[in-house]
RNA sequence: GCCCUGGUAGUGUAGUGGCCCAUCAUGUGGCCCUGUCGAGGCUGCGACUCGGGUUCAAAUCCCGGCCGGGGCGCCA
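Numbering (the numbering used here), first residue to last: 299 to 737.
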């Protein structure tokens, strides 16, 4: 007999035979009768064991199977109004596929919570919990929605190398890798490759892939390995085009999640906002002014620090009733290491760069790139970068590079913010950070 | 990198010099119970991060190591 899921059994006739399987979540032994709660991917079903029917020995054997063991049940589906699924199973045979050890390093349905490090150390058990799996089902929908959007808009999904010779920005945040006889690094961004592909004439590309930052971050919104969603597009008139595309992408993606992840969102008690177009834009200078009005004080130069970011997020929520807004026209002095950022024609102290803020936190960073070879060289010079180190990249600018721009979006952070998770690690199956390399 | 903070049963905690061979919950073992679903009742099991020091006395105070957590810088 073929094994079916708990939710499929709902459609069987009363009394029909079936085979179900899953993890023995708990045993409620009342003496003469016992109830087994068995969990599969879809739900939890109940198996009823009556001592008079099974006999004393078998009853004891089954009731003593340790929690979280994998078992297989063949039995009769019996309709009842006493379970959520509307049926229970009267077993003909129960097979222990794999017995779980005791005690569990982490309870799956215990009444006490475990802390995040304990949960991550035992992630396979942690992920057996419904609300934890919901996160990853929604994350899947988020990715699905993005791919759907990009494909619709004529973007080509590409894969660029993660083992690279040079980084997109300074060298301090690169992980070193031994690459045969050479020294190599893990890519911190697909930036330079995306741009090379613009010279190749692909016009619109996107990539969903890991990025690595060897920074001493120890915060609830940083990890050393994260999934970066990047897109790049050519023949743009300015960064407005990039912001428009980003807005549509975010809207499309979130409405996809909302449409297909209704059940999971409800279970996690999350209300999703799908931003309307156009998303509110505030210049960097405008942000500083708002902050001054709000009474924010700085020790030296006014900047948008973490506290300020949250204040702005609250401000926009209150005054414009949205979780989203752009900070535009980032000053050049703040984007110095981003040597490929295009500066404003009329005011070179400003760039075309913007951030998209989501619930008071940076989600997206992007802008128009500098496509003119000589200007690019000049900007690299300003921060002391050697042309030789970027030879392969620069070459792509010498033989016909269109105007272009794009963004990078932190996927894990998107999930975190979307679901109001207290730590970005909740949005990652096996997070990597300054003190975690396993599992 | 800087600042703050913590490490007590499998899990989560109480205890800040003697009342502690350490509290409670959860878990787990045994017994009872035929409709449980945070089941219930009785009963047992299980722990002070490591090293040094102070003291008549250390889970508790001091120093160092190891391992965590949070904030900031920064960033996706």
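The beta carbon of each residue, even a glycine, is placed where N, CA and C say it ideally should be.
For residue 475, there is no enclosing alpha helix (DSSP H); the enclosing beta strand (DSSP E) covers residues 474-477.
Between residue 525 and residue 508, the CB-CB gap stays under 7 Å. The alpha-carbon of residue 506 is positioned some 26 Å away from that of residue 428.
For residue 692, same chain residues with a beta-carbon under 8 Å away, outside a window of 5 residues either side, are 671, 674, 675 and 685 in chain order. Comparing alpha carbon positions, the residue from 651, 681 and 662 closest to residue 668 is 651. Going by C-alpha positions, residue 422 is about 13 Å away from residue 321. If the five residues before and after residue 471 are omitted, its C-beta is found closer than 8 Å to the C-beta atoms of 465, 486, 511, 512 and 513, all from its own chain and listed in chain order. Cα atoms of residue 372 and residue 365: separation of roughly 19 Å, rounded to the nearest angstrom.
Taken in chain order, the complete alpha helix (DSSP H) segments of 4 residues or longer contained in the region 311-372 are 349-352 and 354-361.
For the set 492, 451, 726 and 382, the Cα lying nearest the Cα of residue 695 is the one of 492. With distances taken between CA atoms, residue 608 lies nearest to 623 out of 623, 420 and 333. With contact defined as three or more Cβ pairs closer than 8 Å, the region 394-403 and the region 344-358 are not in contact. Note on residue 390: under 16 other CB atoms within 10 angstroms of its CB, so exposed under the neighbour-count rule.
In the DSSP assignment, residue 503 falls within the unbroken beta strand (DSSP E) covering 502-510.
In this structure the region 369-387 lies against the region 331-347, because at least three pairs of beta carbons, one per stretch, are closer than 8 Å.
According to the DSSP assignment, residue 624 belongs to the beta strand (DSSP E) that extends over 622-626.
For residue 672, the three-state secondary structure derived from DSSP is helix.
Under the three-pair Cβ rule at 8 Å, the region 442-462 does not count as touching the region 718-727. With a contact defined as Cβ atoms closer than 8 Å, residue 361 and residue 325 qualify at about 6 Å. In this model, residue 481 and residue 488 are separated by some 19 Å (Cα to Cα).
Taking every protein chain shown into account, the CB of residue 517 has fewer than 16 other CB atoms within 10 angstroms, so this residue is exposed.
Residue pairing from DSSP places residue 385 in a beta bridge opposite 377.
Cβ neighbours of residue 585 within its own chain (closer than 8 Å, five residues either side excluded): 602, 606, 610 and 625. Taking the C-beta atoms as reference points, residue 521 is found no nearer than 7 Å to residue 653.
Residue 703 is bridged by DSSP to 531 and 666. The shortest CA-to-CA distance from residue 649 to any of 537, 553 and 729 is the one to 537. Shown here, residue 415 sits in a helix according to DSSP, grouped into three states. Between the alpha carbons of residue 515 and residue 418 lies a distance of about 18 Å. If you draw a straight line from the Cα of residue 442 to the Cα of residue 702, it comes to about 25 Å.
Assignment of alpha helix (DSSP H) within the region 597-651, counting only whole runs of 4 or more residues, yields 604-618 in chain order.
In the three-state DSSP reduction, residue 392 falls in the strand class (E or B). At a Cβ-Cβ threshold of 7 Å, residue 439 and residue 555 count as neighbours. Residue 406 sits in coil when the DSSP states are folded into three classes, being neither helix nor strand. For residue 579, the secondary structure class from DSSP, reduced to helix, strand or coil, is strand. Sixteen is the threshold: since fewer than 16 other Cβ atoms of the shown chains lie within 10 Å of the Cβ of residue 299, the residue is exposed. Approximately 15 Å separates the beta-carbon atoms of residue 363 and residue 406; this is outside 8 Å, ruling out the contact.
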